[in-house]
Each structure stands twice: as structure tokens, then as C-alpha cells.
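Colleague: Quick one: the structure is below, questions incoming.
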Amino acid sequence: MHKLVVANYKMNGNVDFFRSVNVLNKLKVRDTKIVLCPPFLYLPFIKIKNKAISLGVQNLSETINHKSTGEISPIMVKEFKVKYAIIGHSERRAIGETDEMIANKVVNALNHDITPIICVGENNANEGLNVVKSQVKVVLKAIDKNKIDKSREIIFAYEPVWSIGTGKLPTVKDIDKAIKLIKTTAKTLNLKVLYGGSVSGDNYSELMPSMADGFLLGGVSLKLDEFKKIVLGVDK
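As numbered in this note's numbering, the sequence shown has no gaps in its residue numbers, which increase by one up to the final residue, 239.
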């Protein structure tokens, strides 16, 4: 089963940076897929010439309602050959996205042949994983209700909120516990589960023994040499 490394550039970069990202086309990998998720307006500046690389986005609308000012629909991003969408990142949840809104976005993505990368995670290290189980269950319920083909690839990213951007890492044992919970809760789905949260070129190898199917990367994505190091390390 191939590994996956996803770059979430968040609200960073400019035209020159995203033109420079095209150097990643030179990466030679055996069995790892790379997903690059720039801000929407920079999609045209990433020119994919490597079959291992795909484009993704950092968010999608819940609907395709043409009166939704400021929203971006899956129909629009597909014009740029987008194949993936990060949905439900903790930074989106922090500004009011609910589990139900996120589930609607997942369904909207799948209905338009875009693979969702669904972020789940607890807010603090002492909170336990019940919140993760609940987040997964709401998505699963929406998939069942809308009769989504369960053979479609669906990706969850376990991102403990207390780890994102803090430099603090859960143990491999803790990551595996969360991944097992996600896979058990959504056992009817064709799943991959990534890990995300303070991954760097210096520490990613500590996380490699985990059950994670790859990484969702944030700030380190902006450091192209370090990003390449992680991709090649995952591909070994």
C-alpha cells in the first residue's frame, strides 16, 4: 500500500514560491504519493509533471450553491485538476466549523470525485480519544446517509491539536492507539490514516515505526529541501 505525504501550505507563499515548488517534479519515488495543497489562487502556478504528485486544496464548500459568496466549490477546483481536499483542519474547526459542516464537505467532495483528507484530533493531551471517535462517527453517518460508494479511498489525518506547531509529539504508541480507533470506528470504509502535528526533517524518522500511512505536513512544507528529505525518507 502506497504511502502519502501531504503539504498543507496554509495561508503562506506567493507566486514566486509556488513556481519554485515545481522543482518537486524532479523527485523520484518508488511507492509514495505527494499531494500539494496551496491557497486556492496559487493553484495555476504549480505545474504537475510527475505522476507521483497531485494537487489538493485546503478547504471546500458544503454545497455547490452559486449564491455562496466567498466559497469555492469542488466543480471549480476540478478545473485545475485537483484530486484531494483537506477538510476539517483544526484551524477551520477553531473558527466555527462543526462536525456536521465537515461531514457535508466530505460528501460534497466525494460526490465530485475528490478524495477528502479529513482532519481529526483531540484538543489537549489529557482529553482522551472520545472526541476523535465522535468526529469520525459523524463523517461515517453522512457517508451512509448519502449512500457513498464505500470502495472510494477516504483519508483521515490524525492531528492532535496540542501538537500542531508546538514541537510536542505524541509517542508512536499513542499515534497507533488513535489510528486503531479511527480504523475500527470506520472499518467499513477504504481508509488511509495519516499523522500530522509538528513533523520535521529532524523528527519524522521517530514517527516512521507508527501505523500511519504517511504524513500531513504544515510549516515544514515551506522548506523545500526539508520537505524533499521527508518524502524520500518515507519512500524508503
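Here a beta-carbon is modelled for each residue, glycine too, at the ideal position from N, C-alpha and C.
Classify residue 176: buried if its beta carbon has 16 or more other beta carbons within 10 angstroms, exposed otherwise.
Modeller: Translated into positions along the sequence shown, residue 176 becomes position 173. Flag for residue 176 reads exposed.
Colleague: If residue 167 and residue 198 are in contact, beta carbons under 8 angstroms, what's the gap, nearest whole angstrom?
Modeller: Within the sequence shown, residue 167 is the residue found at index 164, counting from 1. Within the sequence shown, residue 198 is the residue found at index 195, counting from 1. Incorrect: roughly 11 angstroms between the Cβ atoms, too far for contact.
Colleague: Taking a contact to mean a Cβ-Cβ separation below 8 angstroms, would you say residue 145 touches residue 120 in this structure?
Modeller: Here residue 145 refers to the residue found at position 142 of the sequence shown. Here residue 120 refers to the residue found at position 117 of the sequence shown. Cβ atoms of residue 145 and residue 120: not closer than 8 angstroms.
Colleague: Are at least three pairs of beta-carbons, each pair with one atom in the segment 38-48 and one in the segment 8-25, less than 8 angstroms apart?
Modeller: Touching, yes, given that three or more Cβ pairs across the two stretches are closer than 8 angstroms.
Colleague: Based on the DSSP output, what are the partners of residue 156 in its beta bridges?
Modeller: As a position in the sequence shown, residue 156 is number 153, starting the count at 1. According to DSSP, residue 156 bridges with 193.
Colleague: Bridge partners of residue 6, per DSSP?
Modeller: On the sequence shown, residue 6 is found 3 positions in, with the first residue counted as 1. Answer is 35.
Colleague: Mapping the DSSP letters down to three states, classify residue 128 as helix, strand or coil.
Modeller: Numbered from its first residue, the sequence shown carries residue 128 at position 125. In this structure, residue 128 counts as coil in the three-state DSSP scheme.
Colleague: Taking only the alpha-carbon atoms, compute the straight-line gap between residue 208 and residue 35 and give it to the nearest angstrom.
Modeller: Counted from its first residue, the sequence shown places residue 208 at position 205. Counted from its first residue, the sequence shown places residue 35 at position 32. Going by the C-alpha atoms only, they are around 16 angstroms apart.
Colleague: Taking DSSP's pairing of strands, which residues face residue 121 in a bridge?
Modeller: Along the sequence shown, one-based indexing puts residue 121 at 118. According to DSSP, residue 121 bridges with 90 and 159.
Colleague: Output needed for residue 238: all residues of its chain with C-beta closer than 8 angstroms, excluding positions within five of it in sequence on either side, in chain order.
Modeller: Within the sequence shown, numbered from 1, the residue matching residue 238 stands at position 235. Counting only Cβ-Cβ distances below 8 angstroms, and skipping sequence neighbours, we find 6, 32, 33, 34 and 35.
Colleague: Taking only the alpha-carbon atoms, compute the straight-line gap between residue 47 and residue 83 and give it to the nearest angstrom.
Modeller: Here residue 47 is taken as the residue at index 44 of the sequence shown, counted from 1. Here residue 83 is taken as the residue at index 80 of the sequence shown, counted from 1. Going by the C-alpha atoms only, they are around 7 angstroms apart.
Colleague: Do residue 109 and residue 123 count as a contact pair if the criterion is CB distance below 8 angstroms?
Modeller: Here residue 123 refers to the residue found at position 120 when the sequence shown is read from its first residue. Here residue 109 refers to the residue found at position 106 when the sequence shown is read from its first residue. Result no, Cβ atoms of residue 123 and residue 109 do not sit closer than 8 angstroms.
Colleague: By the 10 Å Cβ neighbour count, where 16 or more other Cβ atoms means buried, how is residue 96 classified, buried or exposed?
Modeller: Sequence index remark: in the sequence shown, residue 96 carries index 93 (1-based). Residue 96 is buried by the Cβ-count criterion.
Colleague: Relative to the alpha-carbon of residue 100, which residue among 58, 65, 215 and 204 has its alpha-carbon at the smallest distance?
Modeller: Stepping through the sequence shown from its first residue, residue 100 is reached at position 97. The candidate whose alpha carbon is nearest that of residue 100 is 65.
Colleague: Between the beta-carbon of residue 243 and the beta-carbon of residue 87, is there less than 8 angstroms?
Modeller: Absent from the structure is residue 243, since the part of the chain shown begins at 4 and ends at 239.
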